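**Q** Can you keep this structure in mind? I'll have questions shortly.
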Amino acid sequence: MMTLIGIGLLTGLTTVLFGFGGGFVAVPVVAWADAGLGTDAMRVATATSALVMVVNAGFATAVTRRRVLAGLRGSGPLLLLLAAGASAGAFASRIAPPDLVRWAFAGYVALTVVDLLLRPGFLRPDARAGGTSPAQRPRPLPAVLGVPMGTIAAFLGVGGSVMTVPAMRRAGHTMQVATALANPLTLAVALPATAVSLGGTAVPAAVDAHVHLTGLVDAGAAGALLLGALPVILVLRRRPPRIPDRAHAWAYIGLLAAVAVAVLLSG
């Protein structure tokens, strides 16, 4: 329990600094904690991650300054399509082979790391994207991206920030703003995914492993993670750390790489 609370502190940190909502950290940690569930551990980890992201992302959004959230003005269609895609992805994750979800998670994150390192616009902002001079304004994300983003994010249990942060970065936002706006976008993904997960079918191995599930959600693990995360989110949203933009971007990439490795080792 104390280990999960300690990891919860880290999920709070990643929610504020990287917009992850806790999903990237929660998935490998819960998969490790519930390893006694065998092949079902990844399904439970993905579902538990969605619940953690709902609370973390919702709380982080509530304490974010209104002027920052104004960057999503006019993004209603995008949010609706994210939610629609997330519903489809969550249903797909319930019937997909657990090993497929694990390998897809690690593979997608690894490809994202390569993309961020090689393609301009993340580490090396593209001057055509906007936001590189006072006269330019960041562009909104196209609503058409909502369904594929939501589907992939919910299927893998990553919340969406792995896609939205790079996209907003390339649209001209600073890392600080891109990660802050990732929280409400993550909420749009995690809400329907959590609803589907709470109604998930039973996991027979849970009784022998002494894991108490609500649907597919390990409520005990989720509670411990949130106990550690919420105070950190509150403090850091009120007193955000000042991190150089390029260092912030490198830290984002480093965390993605570390989590991909953690997921593979948790198997």
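Per my numbering, the very first residue in the sequence shown carries number 546; after that it's consecutive.
Ideal Cβ positions, reconstructed from N, Cα and C, are used throughout, including at glycine.
Since the model is a prediction, treat every value here as computed from it, not as a measurement.
Using 8 Å as the Cβ pair cut-off and three pairs as the minimum, do the region 762-777 and the region 548-560 touch?
**A** Contact holds: three or more Cβ-Cβ distances are below 8 Å.
**Q** Going by Cα to Cα distance, which pick from 805, 636, 765 is closest to residue 546?
**A** The residue labelled residue 546 in the question sits at position 1 within the sequence shown. Residue 546 has its Cα closest to that of 765, out of 805, 636, 765.
**Q** Taking buried to mean at least 16 other C-beta atoms within 10 Å of its own C-beta, is residue 548 buried or exposed?
**A** For the purposes of this step, residue 548 is identified with residue 3 of the sequence shown, where counting begins at 1. With fewer than 16 other Cβ atoms within 10 Å, it is exposed.
**Q** Would you say the region 755-764 touches the region 587-597, given that touching needs at least three Cβ pairs under 8 Å?
**A** They touch, by the three-pair rule.
**Q** Please report how far the alpha carbon of residue 617 lies from the alpha carbon of residue 646, in whole angstroms.
**A** Residue mapping note: residue 617 aligns to position 72 of the sequence shown, counting from 1. Residue mapping note: residue 646 aligns to position 101 of the sequence shown, counting from 1. Taking the straight line from one Cα to the other gives about 30 Å.
**Q** For residue 693 and residue 630, I'd like the C-alpha separation in whole angstroms.
**A** By one-based count along the sequence shown, residue 693 stands at place 148. By one-based count along the sequence shown, residue 630 stands at place 85. Straight-line Cα distance between these residues: approximately 6 Å.
**Q** With a 10 Å radius around its C-beta and 16 neighbouring C-beta atoms as the bar for buried, classify residue 660 as buried or exposed.
**A** On the sequence shown, position 115 is the one that residue 660 refers to. Answer is exposed; the Cβ neighbour count stays below 16.
**Q** Ordered along the chain, which non-local residues of its own chain (more than five positions away) have a Cβ less than 8 Å from that of residue 643?
**A** Stepping through the sequence shown from its first residue, residue 643 is reached at position 98. Here the set comprises 584, 585, 586, 587, 588.
**Q** Can you tell me the Cβ-Cβ gap for residue 632 and residue 737, rounded? I've got them flagged as a contact below 8 Å.
**A** In the sequence shown, residue 632 corresponds to position 87, counting from 1. In the sequence shown, residue 737 corresponds to position 192, counting from 1. Confirmed, Cβ separation roughly 4 Å.
**Q** Which of the three DSSP states is assigned to residue 748 in this structure?
**A** Taking the sequence shown and counting its residues from 1, one reaches residue 748 at position 203. Three-state DSSP puts residue 748 in coil, outside helix and strand.
**Q** Which same chain residues, not among the five before or five after residue 637, have their C-beta less than 7 Å away from its C-beta?
**A** Counted from its first residue, the sequence shown places residue 637 at position 92. Excluding sequence neighbours, residue 637 sits near 700.
**Q** Can you give me the Cβ contacts of residue 804 inside the same chain, cut-off strictly under 8 Å, excluding the 5 residues immediately before and after it?
**A** As a position in the sequence shown, residue 804 is number 259, starting the count at 1. The answer, listed in chain order, is 569, 570, 572, 573, 654.
**Q** Going by C-alpha distance, which of 787, 809, 783 is nearest residue 604?
**A** To locate residue 604, count along the sequence shown from 1; it is residue 59. Nearest option by C-alpha distance: 783.
**Q** Taking all protein chains shown into account, decide if residue 788 is buried (16 or more other Cβ within 10 angstroms of its Cβ) or exposed.
**A** Indexing the sequence shown from 1 puts residue 788 at position 243. Burial call: exposed.
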